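Asks: Protein chains in written order, with the numbering used here: chain A, 3 to 412; chain B, 3 to 412.
2 protein chains.
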Amino acid sequence: MPFSENDVLALDAVDPLARFRDAFDLPEGVIYLDGNSLGPLTKAAKRRVTETLEAEWGRGLIRSWNTAGWIDLPAKVGAKIAPLIGAAPGTVTAVDSTSINLFKVLAVALAKQPERRVILTEAGNFPTDVYIAGGLADLLDRGHEVRQVPAARLAEAMDDSVAVVMLTEVNYRIGARLDMRTLTAKAHAAGALVIWDLAHSAGAFPVDLAGACADFAVGCGYKYLNGGPGAPAFVYVAPKHPPGLKQPLHGWLGHQAPFDFAAGYQPADSIEAMRTGTPPILSMAALDAALEVFADVDLAAVKAKADRLFDIFTSILATRCPKLELLTPTEQNARGTQVSLRFPDAYPVMQALIARGVIGDFRQPDILRFGLTPLYVRHIDVWRAADILARIMESRAWDRPEFKVRAKVV
Amino acid sequence: MPFSENDVLALDAVDPLARFRDAFDLPEGVIYLDGNSLGPLTKAAKRRVTETLEAEWGRGLIRSWNTAGWIDLPAKVGAKIAPLIGAAPGTVTAVDSTSINLFKVLAVALAKQPERRVILTEAGNFPTDVYIAGGLADLLDRGHEVRQVPAARLAEAMDDSVAVVMLTEVNYRIGARLDMRTLTAKAHAAGALVIWDLAHSAGAFPVDLAGACADFAVGCGYKYLNGGPGAPAFVYVAPKHPPGLKQPLHGWLGHQAPFDFAAGYQPADSIEAMRTGTPPILSMAALDAALEVFADVDLAAVKAKADRLFDIFTSILATRCPKLELLTPTEQNARGTQVSLRFPDAYPVMQALIARGVIGDFRQPDILRFGLTPLYVRHIDVWRAADILARIMESRAWDRPEFKVRAKVV
């Protein structure tokens with residue numbers, strides 16, 4: 003095997019990111035390789051939610067909108083996310099869900115392109131993005147088409163019918179990463195606007211929205227940002243688009259003076275115009291606290307370690323489990339920080355793994371998916387996870403009826 | 003004075019709702035008359051959020067989507083809200099914010115009325131409802147008009163141009179209550195569909211959506227339902243409208259099989275088709291727990307006690323503070339469970355009250371607003387609150403510079 007147990011222990015001993023693991027409240031007996039689906043609890047979030055619950059809500063009551071700064075949390079959280087995704091200050095806010103935010107920016111983008119009717123996306127993009135685009139197209143009823151083409155044909159599909167190119171940087175199934183800079187430039191050359199979904203990017207590796215000249219972006223708070231189950235999402239609007247956009251879901255907290263309760267809507271002259279209703283403060287507080295961990299994280303170092311974890315994991319499996327087909331690109335710049343493996347009985351294999359304390363997830367119809375999240379996953383963890391997976395495959399330990407019963411959420 | 007201190011203490015001694023106060027975790031030294039803006043922390047929510055945070059997220063991690071039932075929380079919460087608003091089982095789910103849910107049902111309703119262009123609402127409705135309707139009208143760009151008329155002229159304004167009547171049952175400023183049954187019947191007679199916003203109704207008094215034959219309703223989780231700051235909202239679709247509505251914000255969790263990750267959207271054949279993205283679980287858990295309090299609450303008794311609290315509060319002030327103008331209707335069926343008083347210097351008066359431990363709120367430009375929430379507010383509380391307010395008025399204790407500095411959230 004390319005990496006021995008001693009090899010990986012030695013890597014952990016000199017790992018500059020090792021110190022971050024202590025920021026997390028990880029359960030005993032679990033190797034958690036599903037932080038790309040739900041990031042784990044941080045000690046900061048645990049403290050903070052308890053404080054928000056008991057002191058701010060319990061004792062402060064309504065006063066906490068001012069005294070605990072609840073009203074400014076979306077902007078505060080946005081300001082913490084901005085440097086992680088290459089966004090200028092004041093261009094990101096935390097609000098609603100990724101799906102809802104996508105609807106907002108897509109509606110704004112289409113309104114800027116009245117002569118064009120195509121929303122171009124990758125075939126195999128995360129379904130909700132395609133559903134949302136379809137829902138908006140149906141609502142507008144002006145002949146918009148959601149055109150889905152394979153990644154390799156995206157550039158050539160960018161013609162003068164394309165209003166908006168809507169892409170997820172890292173594919174949720176196979177972990178392949180699109181070239182944000184090149185595709186954005188090509189889209190702009192074709193006169194299209196570009197929206198990036200950073201669900202599997204933000205917090206996983208350096209993203210440079212400003213450098214790529216992206217127009218809009220959305221992303222998820224509960225994956226690599228560790229904001230907790232269903233944490234608020236975020237939205238980015240490039241400074242080249244005037245602040246104070248009138249997005250269609252304009253609610254009172256996007257108004258320039260919400261507490262004037264004015265009869266007419268006037269958008270805030272800032273990214274806060276993307277807000278709609280009252281944010282879920284307990285969930286927002288967890289995200290705000292979880293982001294403290296990122297204050298002195300070097301995302302380039304995170305990606306470098308994730309790449310090494312990838313090499314350890316895949317090299318062990320390549321040797322011992324040739325039947326597991328690696329779907330994720332081996333070229334570092336062509337992938338995010340997950341590993342996807344194909345196997346016909348992927349579902350029971352994953353259940354067998356989880357029963358042994360290695361948590362990844364399954365994606366239809368035959369994919370084993372593992373998130374490599376270097377802030378709390380050690381080299382020895384992925385070495386052991388690969389070893390356990392290999393033993394399951396070698397012994398066919400997955401081939402038991404109880405592992406084939408599908409849960410509601412897979 | 004009509005009620006002496008002994009009178010109200012005697013009322014508390016025999017109050018059948020008194021036992022519910024123990025379900026709440028109220029701070030010392032505060033009389034909380036702002037539960038119509040943010041309900042207080044319940045002991046159940048405190049326990050539950052801590053468990054969701056530490057056991058479900060912290061130790062269960064991604065597994066809790068199944069093992070802790072996170073995926074079914076919106077339906078479970080909806081099932082608890084349904085009996086409070088006269089809704090049949092399976093017609094309510096908890097999701098997103100009131101504003102976002104209003105957008106969904108308004109879009110569905112307008113699509114059912116292709117020949118009509120007017121969205122009729124009350125002048126002085128909560129601004130975000132009007133903003134959302136305007137945002138949808140602008141997006142559709144088909145000549146829809148949001149027509150705002152005074153409450154007394156709503157019925158006569160229901161002509162054959164009206165596609166949808168969109169009303170908030172209880173006005174947030176003055177606490178006046180519209181006649182849901184009569185207005186719904188008149189709207190239907192005119193061929194319009196009806197959406198009710200129950201923000202200041204749900205949990206405050208008995209609501210009978212089914213009896214009134216309402217088409218759609220939305221409402222708020224963080225006011226009378228005590229779900230916590232920014233708690234998820236709810237949405238109701240009457241059984242007469244086929245389940246599986248394709249609302250425009252259709253995201254993956256509204257799909258009939260979300261984890262198939264199918265390329266095409268197929269709405270769930272249930273109220274869950276109103277879902278969009280991933281719900282904020284910490285906030286949802288708080289709402290779910292808070293609703294346990296309502297399991298054996300008689301909302302008719304709640305309204306009856308609120309009416310008595312109203313009488314105690316307003317009779318004291320009518321005697322001692324004639325300059326405070328009562329804006330809320332004195333007829334019991336014509337109001338919800340808040341009291342609104344007008345005074346030119348309402349803002350500093352409210353600050354002086356809060357400084358003395360009586361928490362209500364201020365609404366532009368000159369309104370003192372108090373929520374009467376019988377599950378945790380005693381007769382003696384409103385008696386003392388009225389006495390403190392009267393003393394402030396009598397001594398002009400509000401007339402100090404520090405009470406005139408406006409906070410960000412008022």
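Think of the CB as a built atom: it goes at the ideal place given N, C-alpha and C, for glycine as much as any other residue.
Keep in mind it's a predicted model, so treat the numbers as computed, not measured.
1. Between the stretch 100 to 126 of chain A and chain B, which residues of the former have a C-beta closer than 7 Å to a C-beta of the latter?
2. Does any C-beta atom of chain B lie closer than 8 Å to the C-beta of A:Lys48?
3. Which residues, in chain order, does the stretch 358 to 372 of chain A contribute to contact with chain B at a C-beta distance below 8 Å?
4. In whole angstroms, what is the alpha-carbon distance linking B:Gly232 and B:Pro18?
5. Beta carbons nearer than 9 Å to chain B: which residues of the stretch 134 to 154 of chain A have them?
6. Beta strand (DSSP E) containing A:Arg365: first to last residue?
7. Using 8 Å as the cut-off, can you tell me whether the stretch 250 to 258 of chain B makes contact with the stretch 100 to 111 of chain B, which would need three or more C-beta pairs spanning the two stretches below that distance?
8. Run down chain A in chain order and give the residues with a C-beta less than 7 Å from the C-beta of B:Pro42.
9. Quick check: the stretch 272 to 286 of chain A against the stretch 73 to 82 of chain A, are there 3 or more CB pairs under 8 Å?
10. Should A:Leu284 be flagged as near chain B, meaning a C-beta pair shorter than 8 Å?
11. Do B:Ala235 and B:Thr100 come within 8 Å of each other at the CB atom, strictly closer than that value?
12. From what residue to what residue does the beta strand (DSSP E) around B:Asp199 run?
13. Touching or not, the stretch 348 to 360 of chain B and the stretch 387 to 399 of chain B, by the rule of three or more beta carbon pairs under 8 Å?
14. Do B:Tyr378 and A:Tyr267 have their C-beta atoms within less than 8 Å of each other?
15. With burial defined as no fewer than 16 other Cβ atoms inside 10 Å of the residue's Cβ, what is the status of A:Thr280: buried or exposed?
16. Three Cβ pairs or more, each shorter than 8 Å: is that satisfied between the stretch 196 to 211 of chain A and the stretch 137 to 154 of chain A?
17. Which of the residues in the stretch 231 to 256 of chain B, read from start to end, lie with their CB under 7 Å from any CB of chain A?
18. Quick one: measure Cβ to Cβ for A:Thr339 and A:Leu374, integer angstroms, because I've assumed they're closer than 8 Å.
19. What are the boundary residues of the alpha helix (DSSP H) that A:Val304 is part of?
20. Measuring alpha carbon to alpha carbon, tell me which residue in B:Gly92, B:Pro403, B:Val412 and B:His381 is nearest B:Thr246.
21. Using a Cβ cut-off of 9 Å, pull out every chain B residue sitting near A:Ile73, in sequence order please.
22. Just by C-beta distance, which residues in the stretch 260 to 292 of chain A are closer than 9 Å to chain B?
23. If we cut at 8 Å on Cβ distances, does B:Glu56 have a partner in chain A?
24. How should B:Asp162 be labelled, buried or exposed, when 16 other C-beta atoms within 10 angstroms of its C-beta is the threshold for buried?
25. Since B:Asn173 meets chain A, which of its residues come closer than 8 Å, beta carbon to beta carbon?
26. Can you find a CB in chain A that lies within less than 8 Å of the CB of B:Thr52?
27. What separation, rounded to the nearest whole angstrom, lies between the Cα atoms of B:Ala84 and B:Ala219?
28. Could you tell me whether any Cβ in chain B is nearer than 8 Å to the Cβ of A:Thr130?
29. Determine whether the beta carbon atoms of A:Phe315 and A:Ala354 lie at a separation below 8 Å.
30. Would A:Asp313 and A:Pro346 be called neighbours here (beta carbons separated by less than 8 Å)?
31. Alpha carbon to alpha carbon, what distance is there between B:Lys188 and B:Asp98?
32. Kindly list, in the order they appear in chain A, the residues whose Cβ is closer than 9 Å to that of B:Asn228.
33. Consult DSSP for B:Ile176 and reduce its assignment to one of helix, strand or coil.
34. What does a CB cutoff of less than 6 Å around B:Asn127 pick up in its chain, not counting 5 residues either side in sequence?
35. Which chain A residues sit within Cβ distance under 8 Å of B:Tyr1?
Replies: In short:
1. Answer set for the stretch 100 to 126 of chain A: Thr100, Ser101, Ile102, Phe105 and Ala109.
2. Taking the first residue of the first sequence as position 1, residue 48 of chain A is located at position 46. It does: the Cβ of A:Lys48 has a partner Cβ on chain B nearer than 8 Å.
3. Ile361, Asp363, Arg365 and Gln366
4. Position 230 of the second sequence, counted from the first residue, corresponds to residue 232 of chain B. Position 16 of the second sequence, counted from the first residue, corresponds to residue 18 of chain B. The straight-line gap separating the alpha-carbon atoms of B:Gly232 and B:Pro18 is approximately 30 Å.
5. Ile134, Gly136, Gly137, Leu138, Asp140, Leu141, Leu142, Asp143, Arg144 and Gln150
6. Counting from 1 along the first sequence, the entry for residue 365 of chain A is found at position 363. Start and end: Asp363 to Arg365.
7. yes
8. By 1-based counting over the second sequence, the position of residue 42 of chain B is 40. The contacting residues are Leu63.
9. yes
10. Residue 284 of chain A sits at position 282 when you count from the first residue of the first sequence. Yes, contact with chain B.
11. As a first step, residue 100 of chain B is located in the second sequence; it is residue number 98 there, counting from the start. As a first step, residue 235 of chain B is located in the second sequence; it is residue number 233 there, counting from the start. Cβ distance < 8 Å, so B:Thr100 and B:Ala235 count as in contact.
12. The residue given as residue 199 of chain B occupies position 197 in the second sequence. Leu195 to Asp199 is the span of the beta strand (DSSP E), which, as asked, contains B:Asp199.
13. yes
14. The residue labelled residue 378 of chain B in the question sits at position 376 within the second sequence. The residue labelled residue 267 of chain A in the question sits at position 265 within the first sequence. It is not a contact, given that the beta carbons lie outside the stated cut-off.
15. Residue 280 of chain A sits at position 278 when you count from the first residue of the first sequence. A:Thr280 is buried by the Cβ-count criterion.
16. no
17. Residues of the stretch 231 to 256 of chain B that bring their beta carbon within less than 7 Å of a beta carbon in chain A comprise Pro231, Gly232, Ala233, Pro234, Pro250, Leu251, His252, Gly253 and Trp254, in sequence order.
18. Counted from its first residue, the first sequence places residue 339 of chain A at position 337. Counted from its first residue, the first sequence places residue 374 of chain A at position 372. Their Cβ separation, rounded to whole angstroms, is 5 Å, which keeps A:Thr339 and A:Leu374 in contact under 8 Å.
19. The residue labelled residue 304 of chain A in the question sits at position 302 within the first sequence. Here the alpha helix (DSSP H) through A:Val304 covers Leu301 to Arg322.
20. Within the second sequence, the letter at position 244 stands for residue 246 of chain B. Sequence inspection shows Gly at residue 246 of chain B; the Thr mentioned does not correspond to that position. Among B:Gly92, B:Pro403, B:Val412 and B:His381, the Cα nearest to that of B:Gly246 is on B:Gly92.
21. Stepping through the first sequence from its first residue, residue 73 of chain A is reached at position 71. Correct list: Lys410 and Val411.
22. Pro260, Phe261, Asp262, Phe263, Ala264, Ala265, Gly266, Tyr267, Thr278, Gly279, Thr280, Pro281, Pro282, Ile283, Leu284, Ser285, Met286, Ala287 and Ala288
23. Against the second sequence, residue 56 of chain B aligns to sequence position 54. Chain A, which has a Cβ nearer than 8 Å to the Cβ of B:Glu56, makes this yes.
24. Along the second sequence, one-based indexing puts residue 162 of chain B at 160. By the 10 Å Cβ count, B:Asp162 comes out exposed.
25. Position 171 of the second sequence, counting from 1, holds the residue named residue 173 of chain B. Neighbours of B:Asn173 on chain A: none; closest Cβ ~12 Å, over 8 Å.
26. Indexing the second sequence from 1 puts residue 52 of chain B at position 50. Closer than 8 Å to some Cβ of chain A, the Cβ of B:Thr52 qualifies, so yes.
27. On the second sequence, residue 84 of chain B is found 82 positions in, with the first residue counted as 1. On the second sequence, residue 219 of chain B is found 217 positions in, with the first residue counted as 1. Using only the alpha carbons, I get a separation of about 11 Å.
28. As a working mapping, residue 130 of chain A is identified with position 128 in the first sequence. Chain B contact via Cβ: present.
29. As a first step, residue 315 of chain A must be located in the first sequence, where it is residue number 313. As a first step, residue 354 of chain A must be located in the first sequence, where it is residue number 352. In this structure, A:Ala354 does not lie closer than 8 Å to A:Phe315 by Cβ.
30. Here residue 313 of chain A is taken as the residue at index 311 of the first sequence, counted from 1. Here residue 346 of chain A is taken as the residue at index 344 of the first sequence, counted from 1. No, they are not a contact pair.
31. On the second sequence, residue 98 of chain B is found 96 positions in, with the first residue counted as 1. On the second sequence, residue 188 of chain B is found 186 positions in, with the first residue counted as 1. The alpha-carbon atoms of B:Asp98 and B:Lys188 are separated by roughly 30 Å.
32. What you label residue 228 of chain B is simply residue 226 of the second sequence in a count that begins at 1. The premise fails here: B:Asn228 is roughly 10 Å from chain A at the closest Cβ pair, so nothing lies under 9 Å.
33. For the purposes of this step, residue 176 of chain B is taken as residue 174 along the second sequence, with counting starting at 1. In this structure, B:Ile176 counts as coil in the three-state DSSP scheme.
34. In the second sequence, counting from the first residue as 1, residue 127 of chain B sits at position 125. Only Thr170 meet the Cβ criterion.
35. Any answer about residue 1 of chain B is impossible in this case: the structure gives chain B only from 3 up to 412.
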